[in-house]
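Step one of this worksheet: look at the structure below.
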Amino acid sequence: MPAELVSEKIEKKKQRPKENAPAAVAKKVSAEGSGRQSSAVRAAGVQRAPQRQSSGERNEKQLRAKTPVKIIPLGGLGEIGKNMTVIECANDMFIIDCGLAFPDSEMLGVDLVIPDFTYVERNADKLRGIVLTHGHEDHIGGLAYLLKKINTPVYGTRLTLALVEAKLKEHQLTGKVQLNVVQPRRTIRMGCMAVELIHVNHSIPDSVGMAIHTPAGVIVHTGDFKVDFSPIDGGIIDLGRFGELGSRGVLALMADSTNAERAGYTPTERKVGESFDKLFAEAEGKRIIIATFSSNIHRVQQIIDHAENSGRKVAIFGRSMVNVITIARELGYLNVKDGTIIDIDLMNRFPAEKIVLITTGSQGEPMSALTRMAMGDHKKVSITPQDFIIISATPIPGNEKYVTRVVNELMKSGARVVYERMYDVHVSGHACQEELKLMLSLVKPKYFIPVHGEYKHLKKHAELAMGIGMERDHIIVGQIGDVIETNGIDMRITGQAPAGRVLVDGLGVGDVGSIVLRDRKHLAQDGLIIIVIGIDRAENDVVSGPELISRGFVYVREAEELMDEAKLLLTETLDQCNASALRDWNGLKGRLRDVLSDYIFQKTKRTPMILPIIMEV
Numbered sequence: 057m058p059a060e061l062v063s064e065k066i067e068k069k070k071q072r073p074k075e076n077a078p079a080a081v082a083k084k085v086s087a088e089g090s091g092r093q094s095s096a097v098r099a100a101g102v103q104r105a106p107q108r109q110s111s112g113e114r115n116e117k118q119l120r121a122k123t124p125v126k127i128i129p130l131g132g133l134g135e136i137g138k139n140m141t142v143i144e145c146a147n148d149m150f151i152i153d154c155g156l157a158f159p160d161s162e163m164l165g166v167d168l169v170i171p172d173f174t175y176v177e178r179n180a181d182k183l184r185g186i187v188l189t190h191g192h193e194d195h196i197g198g199l200a201y202l203l204k205k206i207n208t209p210v211y212g213t214r215l216t217l218a219l220v221e222a223k224l225k226e227h228q229l230t231g232k233v234q235l236n237v238v239q240p241r242r243t244i245r246m247g248c249m250a251v252e253l254i255h256v257n258h259s260i261p262d263s264v265g266m267a268i269h270t271p272a273g274v275i276v277h278t279g280d281f282k283v284d285f286s287p288i289d290g291g292i293i294d295l296g297r298f299g300e301l302g303s304r305g306v307l308a309l310m311a312d313s314t315n316a317e318r319a320g321y322t323p324t325e326r327k328v329g330e331s332f333d334k335l336f337a338e339a340e341g342k343r344i345i346i347a348t349f350s351s352n353i354h355r356v357q358q359i360i361d362h363a364e365n366s367g368r369k370v371a372i373f374g375r376s377m378v379n380v381i382t383i384a385r386e387l388g389y390l391n392v393k394d395g396t397i398i399d400i401d402l403m404n405r406f407p408a409e410k411i412v413l414i415t416t417g418s419q420g421e422p423m424s425a426l427t428r429m430a431m432g433d434h435k436k437v438s439i440t441p442q443d444f445i446i447i448s449a450t451p452i453p454g455n456e457k458y459v460t461r462v463v464n465e466l467m468k469s470g471a472r473v474v475y476e477r478m479y480d481v482h483v484s485g486h487a488c489q490e491e492l493k494l495m496l497s498l499v500k501p502k503y504f505i506p507v508h509g510e511y512k513h514l515k516k517h518a519e520l521a522m523g524i525g526m527e528r529d530h531i532i533v534g535q536i537g538d539v540i541e542t543n544g545i546d547m548r549i550t551g552q553a554p555a556g557r558v559l560v561d562g563l564g565v566g567d568v569g570s571i572v573l574r575d576r577k578h579l580a581q582d583g584l585i586i587i588v589i590g591i592d593r594a595e596n597d598v599v600s601g602p603e604l605i606s607r608g609f610v611y612v613r614e615a616e617e618l619m620d621e622a623k624l625l626l627t628e629t630l631d632q633c634n635a636s637a638l639r640d641w642n643g644l645k646g647r648l649r650d651v652l653s654d655y656i657f658q659k660t661k662r663t664p665m666i667l668p669i670i671m672e673v
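Note that our numbering numbers the sequence shown so that position 95 is 151, with each residue one more than the last.
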C-alpha cells in the first residue's frame with residue numbers, strides 16, 4: 057500500500073505543479089502507478105480533486121502514523137569519512153553512500169576503515185539499492201566490500217558510477233553489479249519511497265544531493281556541497297529546487313557539516329586559477345610540480361589549462377591520478393588538447409621548463425609519488441633547485457606532520473615550495489556558515505539532522521540552525537547507530553542499530569580488532585623478546601635453552617650483559633621446576649614470562665612483549 061500511495065500522490069502532484077513535485081518526478085512515478093489506484097489508497101482518502109484536500113490531509117496523517125520512516129546513520133556522524141546512511145520505510149530500505157575512512161595513527165598496519173554492515177546484512181531482504189552522492193572515497197570507498205556480501209543495484213551520476221566501476225574491477229566484481237546512471241531532477245523508485253537527485257557544487261563533478269519522498273514526508277539530504285556561482289564546469293547548484301521543496305514543506309534536512317566552524321562563504325574554485333596565473337608566471341624557466349587530490353577534476357582542469365596557455369606539456373604521476381584523469385577524459389569531464397599530456401617516459405625529451413607534473417601526495421602519504429620524490433626514492437623524478445612545487449590542498453586533520461615532513465625534504469633539495477598558508481592554492485569543497493544558513497533558509501525543514509563531521513562540527517551546525525530560528529527540540533545531533541524514527545508528525549531517536557568500524561588490513565576484512573591493535577601498539581612501543589626452550593616430554597627434562605631472541609627491544613650485541621643475566625635468571629627458574637611443573641606447559645610459559653618481565657622492567661623500565669616458545673624434543 058505505501059508504494060501505491062506514493063505513486064498516486066506524485067501523480068496528483070503532476071496535475072498541480074505549483075504545489076507539488078516536479079514534472080520529471082511525476083512523469084516517471086505516475087507511469088508506474090497509472091490506472092492502479094487501489095482500494096487501500098482510496099480508503100486512505102487520497103483524492104485528486106482539490107476540494108477534497110483537507111480530508112486527504114487528515115487521512116494522510118493517520119497513514120503516516122502507521123508507516124514510520126527510519127533514518128539510521130551507520131557512518132559519517134561524529135567522525136570524518138565512511139559516510140553511510142540507511143533510510144527505511146515498512147518493508148523497503150535503501151542506502152545513501154558507502155564510504156571509507158583512513159586509519160588514524162593508533163591503527164598500526166591498517167589500510168582503511170569501513171562501516172559495520174551488520175544491520176544491512178540482517179535486513180538484506182528489504183534492501184532496494186544504494187544511491188551515491190558523488191565519487192569521493194569517503195562516499196564510495198566501502199562499496200565493493202558491501203557488494204561482496206549483498207548484491208544490490210547501485211544508482212548515481214555518470215562520473216560517480218565510472219569511478220565505482222573502476223573500483224569494482226579492482227575487487228573482481230566487473231559485470232556482477234547493476235549500475236544505473238541517473239541524471240539530476242530524475243527519480244529512483246525504492247519501494248514505498250522515491251529518491252530525486254538534485255545537482256550541487258563540490259570539489260568533484262557530478263555531485264548531487266537528494267529529496268527522498270516518503271509516506272511520512274520529504275527528507276532532503278544535501279550530500280557534500282558548497283555554493284559556487286561560477287564553477288569551472290558551469291553547473292551551478294540547483295538552489296531553485298531546494299527552495300521549491302522548502303516552499304512545499306520538508307519534513308527533515310540532513311546537511312553537510314564539515315565546514316560548520318568556518319565563517320563566511322567558501323571561495324569559488326576559480327580563485328585557485330587566479331593564484332595559478334601568478335605562480336606560473338613566477339615559475340618561468342623552472343619545472344612545475346603540482347600535488348593535489350586525484351578526484352579534484354576541476355583543479356586538474358585548471359592546471360592543464362594553465363599548462364597549455366604557457367606552452368608546457370603535462371605528465372601525470374600516481375596510480376589514482378592516472379585512473380581518475382583517464383576516466384574523466386573518456387567521459388568528457390576534462391578538456392585536453394591533443395599532445396598536451398605525455399607519457400612520463402618521454403619527459404626527458406622536453407626541456408624541464410616546458411613540463412608540468414601533476415602528482416598525488418598532497419597529504420604526505422608515505423608511498424605517494426610526491427613523498428618518494430621528496431625522499432629521493434622516485435625512479436623517474438629527482439628534485440632540484442630548478443623545481444617549483446605547489447601543494448594544492450589542505451592537510452586533512454592528522455596529516456599535518458606528514459605534509460610538513462615532505463615540505464621540509466623538498467626544500468632541502470633546493471626546490472621552491474608553495475602551499476596554502478602562502479597562497480590561495482586550495483579552496484574547500486564544503487559549505488561554510490553562510491552557505492549552511494542559506495540552505496536551511498531555503499529548505500525550511502521541520503526537523504534538522506546535521507551530518508558529515510566530527511561531533512564539534514555537528515554541534516556547531518546545530519547552533520547555526522538555532523541562530524536562524526529553528527527550535528532546539530527539532531534538531532537531532534546523533535551518532536552512528538542511532539535509529540531516528542518519524543511518522544511525519546514528530547521525530548525522535550527510538551533505538552540503536554549495530555554500528556562501528558571494521559578495519560581492513562590487506563585482504564583481511566574485520567579480522568583486526570582491538571586486541572590485535574593493542575598488540576601491535578605494544579610491539580611498536582617496546583619491542584619483543586622471545587624465550588625458546590626445548591623439553592624432552594618423556595623424561596620431563598629441559599634439553600636446550602633458554603635462548604633469547606630480541607626484536608625492537610635492544611640490539612643484543614650492545615646489551616650482552618643484560619641478556620646474559622636474563623638467561624641466567626630463566627635457567628635458575630627452570631632448575632626450580634619439578635616434573636609436574638615441566639608437564640604444565642601453559643603454567644610454565646606464564647612463570648617464565650613473569651620472571652623475565654619483572655627483571656626487564658627493573659633494569660630498563662620497559663615492558664616489551666614476551667613470547668615463550670616451548671619445543672618438544
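C-beta atoms are modelled at their ideal positions from N, C-alpha and C, and glycine is treated no differently. Fair warning: this is a prediction, and the values are worked out from it, not measured in the lab.
For the 8 Å CB-CB criterion, LEU413 and ALA371 form a contact.
In this structure, PHE298 is the residue among PHE298, HIS354, THR440 with its C-alpha nearest to the C-alpha of LEU494. The Cβ-Cβ distance between ILE670 and ILE591 falls below 8 Å. The C-alpha of THR416 lies about 6 Å from the C-alpha of MET377. It is roughly 38 Å from the alpha-carbon of ASP582 to the alpha-carbon of PHE373. The secondary-structure analysis by DSSP pairs PHE444 across a beta bridge with ILE344, ARG472.
Judged by DSSP in its simplified three-state form, LEU638 adopts helix. GLU672 is classed as exposed because its beta carbon has fewer than 16 other beta carbons within 10 Å across all chains shown.
Residue pairing for ARG245: DSSP places it in a beta bridge opposite ALA250. Contact annotation: HIS508 and SER313 have beta-carbon atoms nearer than 8 Å. Rounded to whole angstroms, LYS502 and VAL306 show a C-alpha spacing of 6 Å. SER484 carries a coil assignment under DSSP once its states are collapsed to helix, strand and coil.
Between the stretch 201-211 and the stretch 175-183, the count of C-beta pairs closer than 8 Å reaches three or more; the two stretches touch. Of the residues assessed, SER448 falls on the buried side of the cut-off, its CB having 16 or more other CB atoms within 10 angstroms. Annotation: the continuous beta strand (DSSP E) that includes HIS269 extends over 264-270. Straight-line measurement puts the Cα of ILE206 at about 45 Å from the Cα of TRP641. Taking a C-beta distance under 8 Å as the contact criterion, LYS500 and GLY273 do not qualify as a contact pair.
Here GLN552 carries a strand assignment [DSSP, helix/strand/coil].
Straight across, the Cα-Cα distance linking GLU465 with ILE275 is about 49 Å. Under the three-state reduction of DSSP, ASN365 is assigned to helix.
Under DSSP, CYS145 takes part in a beta bridge, and its partners are VAL125, ASP148. DSSP places HIS277 in the uninterrupted beta strand (DSSP E) bounded by 273-277. By the Cβ test, the stretch 178-188 is not in contact with the stretch 348-358, since fewer than three Cβ pairs between them sit closer than 8 Å. Taking all protein chains shown into account, PRO602 has 16 or more neighbouring C-beta atoms within 10 Å of its C-beta and is therefore buried.
Membership of SER600 in the beta strand (DSSP E) is indicated by the continuous run 597-607. For PHE336, the enclosing alpha helix (DSSP H) starts and ends at 326-338.
GLU541 is positioned such that its CB atom lies no closer than 8 Å to that of GLY134. Comparing alpha carbon positions, the residue from SER606, ARG662, ILE589 closest to THR629 is ILE589.
Of the candidates ASN379, LYS623, THR460, GLU527, ASN379 places its Cα closest to the Cα of VAL220.
For ALA308, the enclosing beta strand (DSSP E) stretches over residues 306-312. Using a Cβ distance threshold of 8 Å, LEU215 and LEU235 do not count as a contacting pair. Secondary structure of LYS282 (DSSP, three-state): strand.
The three-state secondary structure of TYR201, taken from DSSP, is helix.
The C-beta separation of ILE170 from LEU156 comes to about 5 Å, placing the pair in contact by the 8 Å criterion. Burial of PHE609 is indicated by the presence of at least 16 other C-beta atoms within 10 angstroms of its C-beta. One alpha carbon belongs to GLY551, the other to VAL539, and they sit about 5 Å apart.
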